[in-house]
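Okay, so here's the structure we're looking at.
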Amino acid sequence: DALVAGATRLSTAPLLRPGLRAMAVQITDVSGVSGLVFPGDRVDVLMTRQPEEAMPHAELLAQDVRVLAVGSDMNIARDKPGVTKTVTLELNPLQAQKLTLAAANATISLALRQFSDESRIRSDRHRGNGKLRPENWAA
Numbered sequence: 224d225a226l227v228a229g230a231t232r233l234s235t236a237p238l239l240r241p242g243l244r245a246m247a248v249q250i251t252d253v254s255g256v257s258g259l260v261f262p263g264d265r266v267d268v269l270m271t272r273q274p275e276e277a278m279p280h281a282e283l284l285a286q287d288v289r290v291l292a293v294g295s296d297m298n299i300a301r302d303k304p305g306v307t308k309t310v311t312l313e314l315n316p317l318q319a320q321k322l323t324l325a326a327a328n329a330t331i332s333l334a335l336r337q338f339s340d341e342s343r344i345r346s347d348r349h350r351g352n353g354k355l356r357p358e359n360w361a362a
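For the numbering used here, count along the sequence shown from 1 and bump the result up by 223.
And the structure:
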């Protein structure tokens, strides 16, 4: 928890990197990696949906996103997993906008990243606006 100088309450705002925003998203035990996501972890954020009379698809919304809190727990020293209903993520404004729209229209899932993994996945943009479709799953 961070105490802003001169403030009388705790605030998360000083923990944010410049230009980034904190945004909470609802998760389930499955979409939240079975409670194995902790504050300080890094995740990829995906959305899945199945439009009427169309193939289901998934889209990678954001990569290598820092988890600020799990539920209301911001303790990076937390050592026991626990299922919660929300996570708070550190996002840029465009990612926050995409996530807001996706959360209203699709299922949001998190994919936990290994700490040193800074790689980026390139989606197949020329075949579906960045959507990950079953025909593109071949290894």
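Backbone N, C-alpha and C define an ideal beta-carbon position, used for all residues, glycine too.
Residue i - partner residues in DSSP beta bridges
i, result
"Ile331", "Met270"
"Met246", "Leu312"
"Ala292", "Thr311"
"Arg265", "Arg289"
When the options are compared against residue i, the one with the closest alpha-carbon
i, options, result
"Val288", "Ala277, Leu317 and Ser295", "Leu317"
"Glu282", "Leu239, Val260 and Ala334", "Ala334"
"Val268", "Asp252, Thr307 and Leu322", "Leu322"
"Ala326", "Gln273, Val248, Ala277 and Ser342", "Val248"
"Leu314", "Ala329, Ala292 and Lys308", "Ala292"
"Ala285", "Ile331, Thr307 and Pro241", "Ile331"
"Ser234", "Met297, Ser342 and Gly258", "Met297"
"Arg272", "Ser342, Gln337 and Leu324", "Leu324"
"Leu243", "Ala319, Ile344 and Arg343", "Ala319"
Span separating the alpha-carbon of residue i from that of residue j
i, j, result
"Gly294", "Thr311", "8 Å"
"His280", "Ile250", "19 Å"
"Glu276", "Asn328", "16 Å"
"Thr307", "Phe261", "11 Å"
"Leu238", "Ser339", "21 Å"
"Ser257", "Pro241", "31 Å"
"Arg265", "Gly255", "12 Å"
"Met278", "Val290", "31 Å"
Per-residue DSSP class, three states only, for residue i
i, result
"Val260", "coil"
"Ala325", "helix"
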